[in-house]
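**Student:**
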Amino acid sequence: MSARPPVGPFPQEETPVKKIEAYIRHEALEAIHDRLAALGLPSMSVTEAKGSGRQKGFTETYRGARSTIFLRPKLKLEIAVDDGDVERAVDVILELAHTGAPGDGKIFIYDIVEAIRVRTGERGPVVLESHEDDGLRADFSL
Ligand SMILES: Nc1ncnc2c1ncn2[C@@H]1O[C@H](COP(=O)(O)OP(=O)(O)OP(=O)(O)O)[C@@H](O)[C@H]1O
Ligand SMILES: [Mg+2]
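Residues -7 to 134 (our numbering) are what the sequence shown spells out, left to right.
(1) Could you spell out the range, first to last residue, of the beta strand (DSSP E) harbouring Ala72?
(2) Note down the Cα distance separating Gly32 from Ala107, rounded to an integer number of angstroms.
(3) Work out the CA separation of Val119 and Pro94 for me, nearest whole Å.
(4) Is Arg46 close to ligand 2? I mean its beta-carbon at under 7 Å from any heavy atom of the ligand.
(5) Measuring only from the beta carbon, is Pro94 closer than 7 Å to any heavy atom that is part of ligand 2?
(6) With a cut-off of 8 Å, do at least 3 Cβ pairs link the stretch 57 to 71 to the stretch 14 to 22?
(7) If distances are taken between C-alpha atoms only, which option among Arg109, Tyr102 and Asp74 comes closest to Pro8?
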């Protein structure tokens, strides 16, 4: 028997947690990360992604062979935030990922049914709050 609450949807009265999944150009990452951190949203996951949007592949010559490239490299950002922070985080991405050219990327927003900090077992929106590591030594293992 476990005293832990089951993993499941937050009660209606709690602030829901959302995930922002954004596909961006590599060169936009640093500015987006810096701006979000300045707004108190320093946490994100970044993954190298290959994808295609609406455009047909473009043709290039590689080692003498003409080939059509359908998959372009992008970065995928995954950012879990309080519902109340979604709009300002999206605004940052819209401003700093935008060049106006095709391929600027896409943003998708999901409901998260539970968020858990492994170190403490805390659950819910509290795990998204930035903290000063409670006096722990600042190093990359934290
Ligand atoms: N519908 C989709 N589902 C999943 N991933 C997508 C989708 N659309 C785009 N992506 C991801 O976003 C990346 C960038 O897409 P892209 O910006 O080219 O979208 P687009 O719809 O073609 O818009 P644009 O006209 O600005 O090029 C893709 O390489 C892919 O990784
Ligand atoms: Mg495109």
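C-beta atoms are modelled at their ideal positions from N, C-alpha and C, and glycine is treated no differently.
**Tutor:** So, from the listed chains and residues:
(1) Arg64 to Asp74
(2) 18 Å
(3) 36 Å
(4) yes
(5) yes
(6) yes
(7) Asp74
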